[in-house]
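Residue numbers (my numbering): 8 to 600.
All remarks here apply to the structure that follows.
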Amino acid sequence: MSQAGLNRIWAQALLEALYSQGVKHVCIAPGSRSTPLSLEALELADRTDLTIHTHFDERGLGYLALGLAKASGTPVAVIVTSGTAVANLLPCTAETGLTGEKLILLTADRPQELIDVGANQAIQQKGIFSSHVIKSVMLPSPSIQQDLGQVLVSVQHAMVYQKVRGGSVHINCPYPEPLYIQSIQEKEHYVSYFENAKHASLVEMPLDELYTSYNVSELTNHFQQHIINYIYDLKVVVVIGKIPLEEALKAKAFAEKYGWPVLCDPQSGISSDWAHFDLWLQSPHYMSMLSEAECIFQFGARLVSKRIGQWIKHVVSQYHSHYWLFDPTPSVLNPDHLSQLRTVASVSNSIDMLNNAISPALNSAVSQSGWADKLKEARQVIQFAAQPHKNSEYLTECQLVLCLDDLLRAMGKAKMFIGNSLIVRLVDMLSTIDRREVYTNRGASGIDGLIATAVGIQRHQRQTMLTLMGDTSLLYDLNSLALLRQIEQPHIVIVTNNNGGAIFDLLPVPAEQKQILYQMPHGLTFEFSAKQFGLGYCQPITMAQCIESIASYIKQHQQGMVNSALLIEVLTLPEQASQHIKTIVQAVKSHAL
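Written out as structure tokens, the structure reads:
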């Protein structure tokens with residue numbers, strides 16, 4: 008018997024099972040214990056349309072897979088060796104546990120007899136991802152005494168459950184030594200065993216009958232019907248959260264059809280006449296006007312603005328406004344424990360259901376159509392107050408996000424990835440995004456893995472990419488710049504460097520300890536980081552220089568003169584952005600008096 012050959016047969020069976028269930032990308036980190044999986048993935052890619060991605064850093068690799076899964080909507084496999092390599096996948100797995108991207112974590116392991124006995128690189132991998140995964144499959148070590156067909160059934164069952172539920176699946180694969188075959192005959196010896204197992208697993212389980220998915224075509228309870236019956240006389244607000252661009256446009260059209268105000272999160276890729284609500288809601292006057300709302304339709308969750316969440320809590324708890332959330336994620340999405348109606352379905356399907364229900368109920372025109380049109384003034388006040396910052400002689404963070412649409416126009420049909428911490432909040436406050444696909448990691452909202460995620464998204468989309476992030480975030484994912492050395496489409500990374508965590512300038516942290524415990528200034532710039540990884544680099548002083556650098560880079564990339572990414576570093580002063588925001592908010596409050 009050849010253990011190495013048997014290891015390879017089991018790995019082949021596993022990967023072919025995953026491929027049959029829709030896995031088209033496999034991300035691989037280096038490692039010896041994972042040899043059976045890595046080599047079989049490579050062989051499968053040679054004879055199918057499977058794509059292999061590699062990276063030397065497991066944490067970055069996991070986020071690369073996350074980006075691929077986020078953009079494709081399909082499951083992506085990740086192969087790592089045993090030990091802390093597995094633990095490095097926890098951050099990206101925690102993100103998928105909240106946002107539902109589908110990862111298959113294939114973790115090589117020592118056999119059970121080497122666990123907890125002092126063997127090298129052997130940790131307890133069972134349960135390592137805790138509740139962050141939806142299924143854990145602990146495979147036995149490959150052996151002809153084990154029923155491989157039943158092993159494949161357990162894997163297929165997990166895959167089908169993932170298709171319905173979303174989130175990550177952990178498949179732990181303990182491989183005894185030897186790990187390397189000396190001849191192909193070692194593997195071919197088990198071909199009949201392999202074919203019998205595949206046949207048994209296919210006969211065992213009719214996968215399509217395991218779970219049923221539903222579309223919502225009509226109202227499901229009397230509370231929903233009650234709202235619809237009186238909808239013509241209710242003051243409705245439509246909130247659009249993190250949903251795909253096509254669905255966001257449909258949700259906006261739904262609001263406009265009935266004359267209701269629409270508040271668009273930047274993750275939706277669109278804006279509206281009620282933009283900059285995170286700022287104008289700080290005015291008691293405008294806050295009071297919006298609080299006349301009697302019903303909220305929210306499409307998509309994970310809102311960037313904490314202030315809009317506070318407003319929803321205020322009107323629902325204090326004024327008993329109806330609150331109806333539509334999101335395809337089956338998770339609980341109610342952090343304030345409000346009285347909430349919830350529909351778990353696609354936003355597009357939900358809007359069709361609402362239109363079908365509302366139309367018969369409207370015996371006359373919507374009496375409250377246009378009820379919040381006066382609030383459009385708030386957007387104009389914000390833009391007027393922000394004009395000096397938009398026209399600033401020197402490039403600042405606020406100018407960058409105020410001119411974001413100009414940057415995107417210079418990039419053609421570019422996709423956008425927005426990092427976390429301060430930059431996404433500035434975009435939420437000041438930007439107006441016009442029909443762009445926008446991606447974020449707003450589940451756990453960590454600052455790790457942002458470059459790698461953006462790269463994964465671009466590798467699937469195969470279009471120009473703009474990534475916005477802060478300096479601390481880039482330091483946290485510096486290794487992933489290696490993924491940008493050879494790229495098929497232009498990728499511009501704009502890092503705003505305010506020397507640490509400027510997000511804390513917006514929070515009531517203790518002033519005396521702010522620098523040492525929160526901001527943690529580093530005094531670093533990224534010119535030589537770009538050189539180390541072979542990327543283009545510039546440090547523009549003005550917005551015109553920034554746009555010119557982008558246009559020049561894209562032209563050079565399209566002409567084949569460069570094949571790496573461009574890193575643009577915007578140096579700003581600490582506290583500058585927060586001071587600009589304060590002046591704008593004060594202007595809004597003064598105008599409303």
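In this text, a Cβ means the ideal position worked out from N, Cα and C, and glycines have one as well.
All values reported here derive from a predicted model rather than from experimental measurement.
- prompt: Using CA coordinates, which residue listed in L348, P82 and E299 is at the minimum distance from Q325?
  reply: With distances taken between Cα atoms, Q325 lies closest to E299.
- prompt: Which residues in the same chain have their Cβ closer than 6 angstroms to the Cβ of A36, if we skip the five residues on either side of it in sequence?
  reply: For A36, the CB contacts under 6 angstroms within the same chain, skipping 5 residues up- and downstream, are E65, L68 and V87 in chain order.
field: Residue(s) in a DSSP beta bridge with L475
entry: Partner residues in the beta bridge of L475, as assigned by DSSP, are I425 and I501.
- prompt: Does DSSP put G156 in a helix, in a strand, or in coil?
  reply: Helix, per DSSP.
- prompt: Cβ atoms of V246 and Q305: under 8 angstroms apart, would you say?
  reply: Contact check for Q305 against V246 passes: the beta carbons are separated by less than 8 angstroms.
message: Considering just the uninterrupted stretch of the alpha helix (DSSP H) at Y70, what are its terminal residues?
response: Segment E65 to S79, the alpha helix (DSSP H) holding Y70.
- prompt: So what does DSSP say about S161, is it helix, strand or coil?
  reply: S161 sits in a helix when the DSSP states are folded into three classes.
message: Helix, strand or coil for V140? Go by DSSP, reduced to three states.
response: Look at V140 here: in three-state DSSP terms it is strand.
message: Please report the distance separating the alpha-carbon of H229 from that of R172.
response: Approximately 27 angstroms between the Cα atoms of the pair.
query: For S79, which residues from the same chain have a beta carbon less than 7 angstroms from its beta carbon, with the 5 sequence-adjacent residues on both sides left out?
result: The residues are H467.
message: With H, G and I counted as helix, E and B as strand and the rest as coil, what does DSSP make of R449?
response: Judged by DSSP in its simplified three-state form, R449 adopts coil rather than helix or strand.
query: How many Å lie between I358 and S148 at the Cα?
result: Whole-angstrom Cα-Cα distance: 49 angstroms.
- request: Check whether the Cβ atoms of R492 and S556 lie closer than 8 angstroms to each other.
  value: One thing to note: R492 has its Cβ no nearer than 8 angstroms to the Cβ of S556.
- prompt: For L110, which beta-bridge partners are listed by DSSP?
  reply: In DSSP, L110 forms a bridge with V83.
query: Where does M296 land, buried or exposed, given buried means 16+ other C-beta within 10 angstroms?
result: With a 10 Å radius around the Cβ and a threshold of 16 neighbouring Cβ atoms, M296 comes out buried.
message: Taking the alpha carbon of N303 as the reference point, which residue from V244, P528 and Y544 has its own alpha carbon closest?
response: Sequence check: residue 303 is Ile here, not Asn. Comparing C-alpha distances from I303 to each of V244, P528 and Y544 shows the shortest one belongs to V244.
- prompt: In the structure shown, what three-state DSSP assignment does F533 receive?
  reply: Coil, per DSSP.
message: Can you tell me whether G12 is helix, strand or coil according to DSSP?
response: Here G12 sits in helix by DSSP.
message: Please state the DSSP three-state secondary structure of C410.
response: Here C410 sits in coil by DSSP.
message: Once DSSP output is grouped into helix, strand and coil, what is the label at M418?
response: Coil.
task: Note down the Cα distance separating G174 from G29, rounded to an integer number of angstroms.
output: For G174 and G29, the gap between their C-alpha atoms comes out near 15 angstroms.
- request: Could you spell out where the alpha helix (DSSP H) holding R349 opens and where it closes?
  value: Run containing R349: none in the alpha helix (DSSP H); it sits in the beta strand (DSSP E), L348 to T350.
message: Please report the distance separating the alpha-carbon of H329 from that of L288.
response: Linking H329 to L288 through their CA atoms gives a straight-line distance of about 20 angstroms.
field: Of the listed residues C553, L473 and Q566, nearest to E400 (C-alpha basis)
entry: E400 has its Cα closest to that of C553, out of C553, L473 and Q566.
Three or more C-beta pairs below 8 angstroms linking the region 496 to 508 and the region 135 to 144: Judged by Cβ distances under 8 angstroms, the region 496 to 508 makes no contact with the region 135 to 144, as fewer than three pairs qualify.
- prompt: Is the region 81 to 95 close to the region 36 to 46, with three or more CB pairs under 8 angstroms?
  reply: The region 81 to 95 vs the region 36 to 46: in contact.
message: Quick check: what's the CA-CA separation for W281 versus V592?
response: If I take the Cα positions, the gap works out to 16 angstroms.
message: Using a 10 Å radius around the Cβ and a threshold of 16 neighbouring Cβ atoms, would you call S376 buried or exposed?
response: Its Cβ having fewer than 16 others within 10 Å, S376 is exposed.
task: Identify every residue that forms a DSSP beta bridge with P181.
output: Paired residue(s): D116.
query: From Y293, I238 and H292, pick the residue whose C-alpha is nearest to that of E301; which is it?
result: Of the listed residues, the one whose Cα sits closest to E301 is I238.
message: Tell me which residue opens and which closes the beta strand (DSSP E) that F333 is part of.
response: Residues H329 to F333.
message: Runs of 4 residues minimum, wholly inside the region 250 to 320: which ones carry the alpha helix (DSSP H) assignment?
response: Taken in chain order, the whole alpha helix (DSSP H) runs of length 4 or more contained in the region 250 to 320 are 252 to 264, 284 to 287 and 291 to 297.
task: Give the range of the beta strand (DSSP E) segment to which E1 is assigned.
output: An answer regarding residue 1 cannot be provided, because it is not within the stretch 8 to 600 covered by the chain.
- prompt: Helix, strand or coil for H60 per DSSP?
  reply: Reduced to three states, the DSSP call for H60 is strand.
- request: Please go through the same chain and pick out, in chain order, the residues whose beta-carbon is closer than 8 angstroms to the beta-carbon of I234, but skip the five residues on each side of it.
  value: Answer for I234: L241, C302, H329, W331 and L348, listed in chain order.
query: With a Cβ-Cβ cutoff of 8 angstroms, do R442 and G307 count as a contact?
result: Contact flag unset, no.
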